[in-house]
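In numbering that gives the first Met the number 0, the protein residues as written are 0 to 394.
Virtual Cβ for every residue (Gly too), placed ideally from N, Cα, C.
What follows is a short report on a single structure.
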Amino acid sequence: MGFFLLSLAPGLWLPSLPNVLKAQGIEWVLPYAFAVGPLAALFSPLIFGSMADYRFSAQKLVGTLSLVGAGFLGMAFVSLHMGWGPWMYLGFQSANALIAAPMWALLSTVTLANVTGAQKKFPLFRVWGSVGWIMAGVMVSWLDWDSSPRAGMAAAGVRVLFGLVCFLMPETRPQGKLEQGKPNWRKYFGLDALILFRDPAMRVFLLTSVFFAIPLAAFYMYAPIQLKELGDGHPTASMTLGQITEIGAMLMLGGLLAKGRLRWVLVAALSLGVARYGLFAFSGWTGGLGWMWLGIALHGPCYTFYYVTGQMLVDRRVDPGMRSQAQALLGTMVGGVGGLLGSLLCGWYYSTTIDLVGGWVFFWGGLTAAVLGCAVYFINGYGPASGAGPGPDAQ
0 MGFFLLSLAP GLWLPSLPNV LKAQGIEWVL PYAFAVGPLA ALFSPLIFGS
50 MADYRFSAQK LVGTLSLVGA GFLGMAFVSL HMGWGPWMYL GFQSANALIA
100 APMWALLSTV TLANVTGAQK KFPLFRVWGS VGWIMAGVMV SWLDWDSSPR
150 AGMAAAGVRV LFGLVCFLMP ETRPQGKLEQ GKPNWRKYFG LDALILFRDP
200 AMRVFLLTSV FFAIPLAAFY MYAPIQLKEL GDGHPTASMT LGQITEIGAM
250 LMLGGLLAKG RLRWVLVAAL SLGVARYGLF AFSGWTGGLG WMWLGIALHG
300 PCYTFYYVTG QMLVDRRVDP GMRSQAQALL GTMVGGVGGL LGSLLCGWYY
350 STTIDLVGGW VFFWGGLTAA VLGCAVYFIN GYGPASGAGP GPDAQ
């Protein structure tokens, strides 16, 4: 239920946001609208992750954050509906992003802390997030909200429901210990998790995650616009193809991790990322919607095999007393550093290529090359040569 509701809310507004802003005549805001979340994720997840490790029960913390953030999310889309201008929208959305950024990491912490055999069972819980996202996309297109602020207002209501459900989850008490005496600011700001960078394999994984997140930012920013230009009447529903295949990938993941080396699951994810953007470029060249849909379908296994696998990798690499901070660090690297750079750089790259002849080909072709570079860096850097060793954590 938790992952379902947490995914349902952004699934209602995020894929439709590019067309909502375009319908409002403020498409230029798009890179900044997508950048406010990553900007908040630079520090917010680590701070709240520290709170869950040292001071507050994780499930109560995420519930409180959801209830408070729902107000800001609702006002962001009310401001668009009322015509208050782009800066009011960005202000409310920034406040929501600051509060929402830690919620995925915190919910993952609650799940991993209360599930036995997490490597096999966590994907089965996480798959409900994919179901929620699919339902949201279908609902938005069925209600003809693909370009309407009403999608965001509905998402705020879902966030209220999710916040209430969190208080019914299993008690997940802090497991870290604060030293007596002077305040330890490293612990308060979640900086203890930076110890992960001392592990060569984890360092390569975290840096690859940042590099991969940069071109990934373009997926929800510009794929819906291309779909609509190619004649897709329900782009928000079409974007759920990635979540449909994500369900299959989630169900496969436990078996893959039990039988194969984790390194190759991550390599497979990066390879699918190359293929996905290559298909988008080919769709721009041929004008065929089918290639675009096929590329979107590859998003599911690409995301699952990389980021869900990464969450489990991080969880088993750290002491339980630092579990929330470690998940928050991954969220900060991906959603904060990578997401911020990706929103701004992809926005700039889009503006410089889209007006060229074959603009979509140049746009997605360049991003395909960027993902290929991520794959080459990861393959060369991660594994026994990086110091991961022969044990299960090196897989």
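Taking C-alpha atoms, which residue in the options lies nearest to residue i?
i, options, result
"P37", "A96, L193, M74", "A96"
"L297", "A248, G254, T63", "A248"
"G286", "L355, Q58, L229, S129", "L229"
"V273", "I295, V313, L60, V67", "I295"
"D198", "R316, L111, P122, Q310", "R316"
"L167", "W363, A57, M332", "A57"
"V164", "L261, F2, L328", "F2"
"Y381", "S208, C301, L293", "S208"
"F362", "K21, Y88, W347", "W347"
"F55", "A374, V109, Y349, L329", "V109"
"G309", "A112, L261, P148, L16", "L261"
"I194", "F47, L41, L328, K21", "L328"
"M81", "G156, R149, V313, T303", "R149"
"G156", "A69, F91, F211, N113", "A69"
"Y302", "F33, W27, P122, E26", "P122"
"G334", "L16, I25, W27, F33", "F33"
Could you tell me the distance, in whole angstroms, from the CA atom of residue i to the CA atom of residue j?
i, j, result
"L271", "R125", "20 Å"
"P14", "M220", "8 Å"
"L29", "A154", "19 Å"
"L4", "P234", "22 Å"
"V307", "F279", "24 Å"
"L89", "Y376", "35 Å"
"T331", "S129", "22 Å"
"M87", "Q23", "14 Å"
"V360", "N379", "29 Å"
"T171", "L252", "26 Å"
"L60", "L106", "10 Å"
"P182", "G289", "Confidence at P182 is low in this model, with a pLDDT of 49, below 50, so its placement is unreliable and the value that follows should be read with caution. For P182 and G289, the distance between alpha carbons rounds to 58 Å."
"A39", "A94", "8 Å"
"K120", "A104", "17 Å"
"L142", "L293", "25 Å"
"G299", "I243", "7 Å"
"P85", "Q324", "34 Å"
"S350", "L312", "37 Å"
"L344", "K21", "20 Å"
"C373", "A268", "11 Å"
Please classify residue i as buried or exposed, where buried requires at least 16 other C-beta atoms within 10 Å of its C-beta.
i, result
"A368", "exposed"
"S397", "Outside the shown range of the chain, which is 0 to 394, sits residue 397, and nothing can be said about it."
"M74", "buried"
"G180", "Its pLDDT being 47, under 50, G180 is placed unreliably in this model, and the coordinates cannot settle the point."
"E245", "buried"
"N18", "buried"
"S282", "buried"
"L265", "buried"
"P169", "exposed"
"L215", "buried"
"S342", "buried"
"F196", "exposed"
"S6", "buried"
"S140", "buried"
"L79", "buried"
"W127", "buried"
"D314", "buried"
Exercise for the section: Report yes or no: do the region 2-15 and the region 130-139 share at least 3 C-beta pairs separated by less than 8 Å? Expected result: The region 2-15 and the region 130-139 touch, with no fewer than 3 CB-CB distances between them shorter than 8 Å.
Practice task
Specify whether the region 330-345 and the region 231-238 touch according to this definition: at least 3 beta carbon pairs, one from each stretch, less than 8 Å apart.
Solution key: With a cut-off of 8 Å, the region 231-238 and the region 330-345 do not count as touching, because too few Cβ pairs lie within range.
Handout entry: Three or more C-beta pairs below 8 Å linking the region 90-109 and the region 200-215
Key = Contact between the region 90-109 and the region 200-215 is absent, because fewer than three Cβ pairs lie under 8 Å.
Handout entry: Contiguous alpha helix (DSSP H) assignments of at least 4 residues, all confined to the region 183-240
Key = Fully enclosed alpha helix (DSSP H) runs of 4 or longer: 184-187, 199-215, 217-228, 234-237.
Handout entry: Contiguous alpha helix (DSSP H) assignments of at least 4 residues, all confined to the region 66-140
Key = Complete alpha helix (DSSP H) runs here, min 4: 85-99, 102-113.
Handout entry: Contact the region 156-174 vs the region 53-69: 3+ CB pairs below 8 Å
Key = Below 8 Å, enough C-beta pairs join the region 156-174 and the region 53-69 to call them touching: three or more.
Handout entry: Unbroken stretches of the beta strand (DSSP E), 3 residues or longer, contained in the region 305-373
Key = Whole beta strand (DSSP E) segments, 3+ residues: zero.
Problem - Contained alpha helix (DSSP H) runs [length at least 4] in the region 259-285, N- to C-terminal order - result: When DSSP assignments are scanned along the region 259-285, the uninterrupted stretches of alpha helix (DSSP H) that are 4 or more residues long and fall wholly within it turn out to be 261-285.
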